[in-house]
Amino acid sequence: MNYDELAMGAKVNILVMRLDNIGDVIMTSPVLRAIKENLPECRLTLMASPGGAQAAELLPWVNEVLTWRVLWQDLGKLDFDPAREWELVEVLKAGKFDAAIILTSFSQSPHPAAFLCYLANIPLRLGESKECGQGVLTLEVPAAPDEIHQVERNLRLIEAAGFQVGDRNLCIQIPEAAKQEALTLLMQSENYQSTSYLLLNPWTSCQSRNYDSQRFAIAARQIAELTQMPVVVTGVEKDQSKSASLLSILGEYAIDLIGKTTLSQLAALISDAELVLTNNTSTMHIADATQTPTVVMFAGTELKSQWQPRSGHSYLLNRPTACSPCYAFTCPYNLECLDIPPEEVVASSLRLLKEKQC
């Protein structure tokens, strides 16, 4: 089998590998959609990390999900266990895949994944690389400039293999059950009086991307007072322990759903919100896919050009610093890149809300 056969629509079994976080997997949506549009009869398996695999429920083109924590993306948490790696080879071999499409960011190498796929007898192995793999990849696309957007980096790879791409925007499909469950969660709050609300997602798992939560609360409170809309506060379960001050500032405007939603329910809440306030995290990408107006506190950890929303419904707020982009998990400089007064957040939010009404 060759790439021409893939592009012409042969019935094939394709593995798409994206082994990072939820937001990274959501940004594969244009690739997954394009593959299915080009090959309607193909079987599409998404291989993702345990965290990233949660996004699959929003990606209707995926037939199966293979969840695995791989050694080269582990950040030192996995113990020394070569048998585990051979087990993965056997799992991939049992999948009888015809092709593996390895999606990576600008800083990652596709070659560890490609070598596993080689050992698993996957004949076609596609990846973008700054290195020379000498046959580990059967289609080795030269690296794009680091500055290009992650979505375009993904699409560029499959276009090099002959796939046609009709729509380059992020896209998700929210299950109807999740929409109803999200509405039920809202209606259980005494502060939910109408269908209009703001959504505040004030934390990420990465300390260097977190805007000051009290400033977030002050801004959200001011917007709520001006618009008379409640503020739905979301986050994961571990965020509950640091939420007391934020919820106190929001007072009667708060609808506390921290740790109470699935990813699909969160996506439903984002889709129906009048406005989303968030950091640079998966919430930003979900809002981009649903085209929900969003104010993003975008830390200097990454270049905006690599990850920013592209739907035209967002404002990104940050301060330029000499250390950006740092790609750091923790900040030693008091998050100077996010030293933004609440009044600036409020002003940007009101402009977005006004644009939405026009």
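Under my numbering, the first residue of the sequence shown is numbered 176, with each subsequent residue one higher. Idealized CB from N, CA, C, for every residue including glycine.
Kindly list the residues whose CB is nearer than 6 Å to the CB of A295, restricted to its own chain and excluding five residues on each side of it in sequence; keep chain order. For this step, residue 295 is matched to residue 120 along the sequence shown. Excluding positions up to five away in sequence, the list reads V264, L267 and K268.
If we count the other Cβ atoms within 10 Å of its Cβ and call it buried at 16 or more, is R526 buried or exposed? As a first step, residue 526 is located in the sequence shown; it is residue number 351 there, counting from the start. Per the 10 Å Cβ criterion, exposed.
Would you mind reading off the limits of the beta strand (DSSP E) that contains G151? Beyond the ends of the chain as shown, which are 176 and 533, falls residue 151; an answer cannot be given.
Roughly how many angstroms separate the alpha carbons of L510 and Y386, rounded to a whole number? Sequence index remark: in the sequence shown, residue 510 carries index 335 (1-based). Sequence index remark: in the sequence shown, residue 386 carries index 211 (1-based). Each residue's Cα considered, the two are about 8 Å apart.
Using the C-alpha atoms, what's the distance from P517 back to K305? As a position in the sequence shown, residue 305 is number 130, starting the count at 1. As a position in the sequence shown, residue 517 is number 342, starting the count at 1. Using only the alpha carbons, I get a separation of about 42 Å.
Are the CB atoms of T496 and V471 within a distance shorter than 8 Å? Within the sequence shown, residue 471 is the residue found at index 296, counting from 1. Within the sequence shown, residue 496 is the residue found at index 321, counting from 1. Contact flag unset, no.
Given K531, which residues of its chain have a CB within under 6 Å of its CB, disregarding the five upstream and five downstream residues? For the purposes of this step, residue 531 is taken as residue 356 along the sequence shown, with counting starting at 1. Contacts found: P468.
Would you check if the distance between the CB atom of N329 and the CB atom of M202 is smaller than 8 Å? The residue you call residue 329 lines up with position 154 of the sequence shown. The residue you call residue 202 lines up with position 27 of the sequence shown. Contact: yes.
Taking only runs that begin and end inside the stretch 417-469, name each unbroken alpha helix (DSSP H) of 4 or more residues, in chain order. 419-425, 438-447 and 457-465
L360 and T279: beta carbons closer than 8 Å? Numbered from 1 along the sequence shown, position 185 holds the residue referred to as residue 360. Numbered from 1 along the sequence shown, position 104 holds the residue referred to as residue 279. For L360 and T279, no; Cβs fall outside 8 Å.
Counting beta carbon pairs with one atom in the stretch 185-197 and one in the stretch 249-264, are three or more of them shorter than 8 Å? no
Take G227 and list the residues in its own chain whose beta-carbon comes closer than 8 Å to its own, dropping the five residues that flank it on each side. Sequence index remark: in the sequence shown, residue 227 carries index 52 (1-based). If we look at G227 and ignore the five residues flanking it on each side, its Cβ neighbours are R193, L194, D195, N196, I197, D199 and V200.
Whose CA, out of L450, E427 and G410, lies closest to the CA of Q440? What you label residue 440 is simply residue 265 of the sequence shown in a count that begins at 1. Of L450, E427 and G410, the residue nearest in Cα terms is G410.
Suppose you measure from the CA of S369 to the CA of M362; what does that come to, to the nearest Å? In the sequence shown, residue 369 corresponds to position 194, counting from 1. In the sequence shown, residue 362 corresponds to position 187, counting from 1. Their backbone Cα atoms lie some 9 Å apart in a straight line.
Buried/exposed call for R384, threshold 16 Cβ in 10 Å: Within the sequence shown, the letter at position 209 stands for residue 384. So R384 counts as buried.
Only counting the same chain, and skipping five residues up and downstream in sequence, which positions put a Cβ closer than 8 Å to that of N238? The residue labelled residue 238 in the question sits at position 63 within the sequence shown. Same-chain partners within the cutoff: R218, L219 and T220.
Let's test the definition: count the other Cβ atoms within 10 Å of the Cβ of E400 and tell me whether it reaches 16, buried, or not, exposed. Walking along the sequence shown from the start, residue 400 turns up at place 225. By the neighbour-count rule (16 or more Cβ atoms within 10 Å), E400 is not buried but exposed.
In the structure shown, what three-state DSSP assignment does S524 receive? For the purposes of this step, residue 524 is identified with residue 349 of the sequence shown, where counting begins at 1. Note: S524 maps to helix in three-state DSSP.
Can you round the beta-carbon distance between S282 and L234 to whole angstroms, since I take them to be within the 8 Å contact cut? Counting from 1 along the sequence shown, the entry for residue 282 is found at position 107. Counting from 1 along the sequence shown, the entry for residue 234 is found at position 59. Actually they are not in contact, since the Cβ atoms of S282 and L234 sit about 24 Å apart, beyond 8 Å.
Along the alpha helix (DSSP H) that carries R218, what are the first and last residues, could you check? Counted from its first residue, the sequence shown places residue 218 at position 43. Careful: R218 lies outside any alpha helix (DSSP H), inside the beta strand (DSSP E) at R218 to A223.
Is E334 helix, strand or coil when you go by DSSP? Translated into positions along the sequence shown, residue 334 becomes position 159. It is helical.
Within 10 angstroms of its Cβ, does D273 collect 16 or more other Cβ (buried), or is it exposed? Translated into positions along the sequence shown, residue 273 becomes position 98. With 16 or more Cβ atoms within 10 Å of its Cβ, D273 is classed as buried.
If you measure between the beta carbons of I515 and L492, is that distance less than 8 Å? Along the sequence shown, one-based indexing puts residue 515 at 340. Along the sequence shown, one-based indexing puts residue 492 at 317. Cβ distance < 8 Å, so I515 and L492 count as in contact.
Helix, strand or coil: which one does DSSP assign to N376? Position 201 of the sequence shown, counted from the first residue, corresponds to residue 376. Strand.
Where I424 and V406 are concerned, what is the direct C-alpha to C-alpha distance, given to the nearest angstrom? For the purposes of this step, residue 424 is taken as the residue at position 249 of the sequence shown. For the purposes of this step, residue 406 is taken as the residue at position 231 of the sequence shown. Rounded to the nearest angstrom, the two C-alpha atoms are 11 Å apart.
Among the residues of its own chain, which have a CB less than 8 Å from the CB of P500, if the five just before and after it don't count? Here the question's residue 500 lines up with position 325 in the sequence shown. Within the same chain, P500 has close Cβ partners G475, T476, E477 and L478.
Could you check if P484 is buried or exposed, using at least 16 other CB atoms within 10 Å of its CB as the buried criterion? Residue mapping note: residue 484 aligns to position 309 of the sequence shown, counting from 1. Answer is buried; the Cβ neighbour count reaches 16.
Residue burial classification, R300 (beta-carbon count within 10 angstroms, cutoff 16): In the sequence shown, residue 300 corresponds to position 125, counting from 1. Buried, by the Cβ-count rule.
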